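First up is the structure itself, then whatever we jot down about it.
There are 2 protein chains.
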Amino acid sequence: MTSSTRSLDELIVVLKAVADEKRLSIIASLGDGERCVCELQQRLGAGQSLLSFHLRTLKEAGLVSDRREGRWIYYSLIPEALGDLEAFLRETRAGETR
Amino acid sequence: MTSSTRSLDELIVVLKAVADEKRLSIIASLGDGERCVCELQQRLGAGQSLLSFHLRTLKEAGLVSDRREGRWIYYSLIPEALGDLEAFLRETRAGETR
DNA sequence: TTGACACATCAATCACCGTTGATGTATGGT
DNA sequence: ACCATACATCAACGGTGATTGATGTGTCAA
Numbered sequence: 001m002t003s004s005t006r007s008l009d010e011l012i013v014v015l016k017a018v019a020d021e022k023r024l025s026i027i028a029s030l031g032d033g034e035r036c037v038c039e040l041q042q043r044l045g046a047g048q049s050l051l052s053f054h055l056r057t058l059k060e061a062g063l064v065s066d067r068r069e070g071r072w073i074y075y076s077l078i079p080e081a082l083g084d085l086e087a088f089l090r091e092t093r094a095g096e097t098r
Numbered sequence: 099m100t101s102s103t104r105s106l107d108e109l110i111v112v113l114k115a116v117a118d119e120k121r122l123s124i125i126a127s128l129g130d131g132e133r134c135v136c137e138l139q140q141r142l143g144a145g146q147s148l149l150s151f152h153l154r155t156l157k158e159a160g161l162v163s164d165r166r167e168g169r170w171i172y173y174s175l176i177p178e179a180l181g182d183l184e185a186f187l188r189e190t191r192a193g194e195t196r
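Heads up: the protein sequence lines correspond to chains A and B, in order.
When we follow the numbering used here, the leftmost residue of the first sequence carries the number 1, and every step to the right adds one.
When we follow the numbering used here, the leftmost residue of the second sequence carries the number 99, and every step to the right adds one.
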């Protein structure tokens, strides 16, 4: 009974999304609250287009959400996402013999 | 103080290794003990060459170890690896505001 | 309405990954 | 020595992801 909120396919999408240095940096930057793209752009020193691509990937994986406020769009983490990943790893690890 | 056993680069290698359906199947199959390649080959229904490639990826990521016994090579999980990943996610998630 | 700003999307390129078939290597049986 | 087995490695191909520059979209100010 390996119950989990997400399907295996969805979890792989999440894993692929997390398995990237720049996207991990984004996640780390969002750890202490929401950020607009321009802030992330400065923090990561990445081009606007590239950053938008990575944010899209994270969004499609269900890891972040966005909110528009005037001209700015603020991105923030969805706490459950990483929790589901943790739970999945815990279940996988539980299958080990010792 | 984000202490962790592995560097960020190493963790990304582990994440990339785990972010694949067939490699996850291998990990699941190794969950209840070591298996030779021929056993995994039957379980996954994968070609010998392909399976060898995935096992190499997992090995280079530090997720599995191999042991030769006669003509057979037995692969088994390295428990710490997934634990480190869990710890990393826990630390990352701990940075969230709530 | 015109322009500046913040961001998304598109198009093109490049590199890397997954897959397959062929070949190489080590072990054991005869 | 020879052959079969179990596995690794190599070569080649196709697909997908990361990156960049150009263009499109929505918002605000003047």
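Each residue gets a CB set at the ideal place from its N, CA and C atoms; glycine is no exception.
None of the values given here were measured: they were computed from a predicted structure.
Hey, out of B:Leu113, B:Glu184, B:Arg188 and B:Thr190, whose CA is closest to Arg90 (chain A)'s CA? If you compare the alpha carbons of B:Leu113, B:Glu184, B:Arg188 and B:Thr190 with that of Arg90 (chain A), the shortest gap goes to B:Glu184.
Whole-angstrom distance between Leu175 (chain B) and Leu30 (chain A), CA atom to CA atom: So the alpha carbons of these two residues sit roughly 33 Å apart.
In chain B, what lies closer than 8 Å to Leu85 (chain A) by C-beta? Going along chain B in sequence order, the residues near Leu85 (chain A) (Cβ under 8 Å) are Leu187.
Are Ala144 (chain B) and Leu15 (chain A) close, meaning C-beta to C-beta below 8 Å? In this structure, Ala144 (chain B) sits away from Leu15 (chain A), with a CB-CB distance that is not shorter than 8 Å.
Supposed close pair Thr92 (chain A), Ile110 (chain B) - CB separation, criterion 8 Å: Thr92 (chain A) to Ile110 (chain B), Cβ: 19 Å. No contact.
Tell me, please, whether the CB atom of Ala159 (chain B) is closer than 8 Å to any CB atom in chain A? Residue contact check for Ala159 (chain B) against chain A: no CB pair falls below 8 Å.
Throw me the rounded Cβ distance for the Leu44 (chain A) and Leu51 (chain A) pair, which I believe falls under 8 Å. Right, the Cβ-Cβ distance comes to about 7 Å (below 8 Å), so this counts as a contact.
Indicate whether at least one CB of chain B lies closer than 8 Å to the CB of Gly31 (chain A). With 8 Å as the cut-off, Gly31 (chain A) counts as an interface residue toward chain B.
How is Ser76 (chain A) classed by DSSP in three states: helix, strand or coil? Correct three-state label for Ser76 (chain A): strand.
Counting only Cβ pairs nearer than 9 Å, list the residues of chain A close to Arg154 (chain B). In chain order: nothing, as chain A lies at least about 17 Å away.
Going by C-alpha distance, which of B:Ala192, B:Phe186 and B:Leu180 is nearest Leu122 (chain B)? Checked all of B:Ala192, B:Phe186 and B:Leu180; the closest Cα to Leu122 (chain B) is B:Leu180.
Candidates A:Trp72, A:Thr57 and A:Glu80: closest to Glu39 (chain A) by CA position: Out of A:Trp72, A:Thr57 and A:Glu80, A:Trp72 has the C-alpha closest to the C-alpha of Glu39 (chain A).
Buried or exposed for Ala17 (chain A), going by 16 or more other Cβ atoms inside 10 Å? Ala17 (chain A) should be labelled buried.
Among A:Glu69, A:Gly33, A:Gly62 and A:Asp32, the one whose alpha carbon lies nearest that of Asp84 (chain A): The residue with the shortest Cα to Cα distance from Asp84 (chain A) is A:Gly62.
For Ala46 (chain A), return the contacting residues in chain B, with the cut-off set at a CB-CB distance below 9 Å. Result: empty, since nearest Cβ-Cβ is about 17 Å, beyond 9 Å.
Could you tell me whether the Cβ of Lys120 (chain B) comes closer than 8 Å to any Cβ of chain A? Chain A contact via Cβ: absent.
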